[in-house]
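The structure appears below as structure tokens.
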Amino acid sequence: MSQVLLWVLVVGLGLAVLALARQVGVLYERVAPAGALAVNQSLKAGDKAPTLTVTTLDGKSIDLATATGRSRLLFFLAPDCPICKTLLPAVRSLARDEGRDTDIILASDGEPAVHRLFIDKEKLGGFDYVLSEALGRAFGVAKLPYAVLIDGKGVIVSFGIVNSREHLESLIEARDRGVASIQDYMNSDRGDRRLDTETKGAASGIL
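Count the sequence shown with this note's numbering and you get residues 558 to 764, in order.
This is how it looks when you write it as structure tokens:
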């Protein structure tokens, strides 16, 4: 009899743990992500983009500081960066969703032949693709994947390390909310109120 009771308790405890894990997952989904991690100390949102002209692999010239009326998202990647590859579907999705007013530029450095193979393999022919070590230095890129959003006036809007789709989308979200990063938004009074509201809502679902 004691063994039966013990098994009942074990099963009950297991179900309780599963229920708690599910609620934690719900809470995680409801709480806003931190967004792209801005670690660059040499640049800040509101700065004019570095005066730099780069050339794509197809020979197209791009002046990053020139006002074009369209935003530009620089996505720094490398063929041997696993996380970069996992984000490519998100980059394509972003190009479709934001293509009306935002151009996406893929940036890296190295041997052109290696990158042409990478472009063919990953079907990136529809993007402007730049190889420029100077570009990475100008934006202080130390880790990949990294992204920088420049507005239509040639001004840096947001930037940071992007390790997930949410991080990448947070750059656009930061632009739309008029803040330098989602981190800044969440640290603001508006962000604190939203986070408090969402956390309370998630907590009520647990109780």
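The beta carbon of each residue, even a glycine, is placed where N, CA and C say it ideally should be.
Whose C-alpha, out of Ala-622, Leu-725, Ile-640, is nearest the C-alpha of Gly-709? Ala-622
The alpha helix (DSSP H) enclosing Val-698, as first and last residue numbers: Taken as a continuous stretch (DSSP letters only), Val-698 belongs to no alpha helix (DSSP H), as it is neither H nor E.
Have a look at the DSSP bridge pairing and note the partners of Ile-640. The beta-bridge partner set that DSSP reports for Ile-640 is empty.
Is the separation between the beta-carbon of Ala-602 and that of Ser-715 shorter than 8 Å? The Cβ-Cβ distance between Ala-602 and Ser-715 falls below 8 Å.
When you compare each of Asp-615, Asn-720, Arg-657, Thr-613 to Cys-641 by their alpha carbons, which one comes out closest? Asn-720
Could you check whether Thr-625 and Tyr-686 sit closer than 8 Å to each other, using their CB atoms as the reference points? Between Tyr-686 and Thr-625, the C-beta spacing is not below 8 Å.
Beta strand (DSSP E) containing Phe-716: first to last residue? 713-718
Quick one, are the C-beta atoms of Ala-606 and Ile-713 less than 8 Å apart? yes
Buried or exposed: where does Ser-599 fall if 16 or more other Cβ atoms within 10 Å of its Cβ makes it buried? exposed
Among the residues of its own chain, which have a CB less than 8 Å from the CB of Phe-696, if the five just before and after it don't count? Closer than 8 Å at the Cβ level, and outside the excluded window around Phe-696, lie Asn-597, Leu-600, Pro-607, Leu-631, Phe-633, Tyr-703, Val-705, Phe-716.
Check for me: the beta strand (DSSP E) holding Val-502 runs from which residue to which? Not covered by the structure: residue 502. The range shown for the chain is 558 to 764.
Count the other CB atoms within 10 Å of the CB of Arg-673; is the residue buried (16 or more) or exposed (fewer)? exposed
For Ala-731, report the span of its beta strand (DSSP E) as first-last. Ala-731 -> not in any beta strand (DSSP E); alpha helix (DSSP H) instead, spanning 722-734.
Would you mind working out which of Arg-722, Asp-666, Pro-639 sits nearest Glu-679, comparing C-alpha positions? Pro-639
Given a threshold of 16 other Cβ atoms within 10 Å of its Cβ, counted over all protein chains shown, does Ser-618 qualify as buried or as exposed? exposed
Smallest Cα separation from Arg-657: which of Pro-636, Arg-627, Ala-731, Gly-682? When each option's Cα is compared against that of Arg-657, the closest is Arg-627.
Between the alpha carbons of Leu-681 and Val-736, how many angstroms are there, rounded? 30 Å
To the nearest whole angstrom, what separates the beta carbons of Asp-660 and Arg-629, a pair I think is in contact under 8 Å? 5 Å
Excluding the 5 residues flanking Ala-670 on each side, which residues of the same chain have their C-beta closer than 8 Å to its C-beta? So the list is empty, once near-sequence residues are dropped.
Taking C-alpha atoms, which residue in Ala-691, Trp-564, Ile-707 lies nearest to Leu-609? Checking every option, the nearest Cα to that of Leu-609 belongs to Ala-691.
Between Leu-701 and Ala-635, which are expected to be in contact by the criterion C-beta below 8 Å, what is the C-beta distance as a whole number of angstroms? 6 Å
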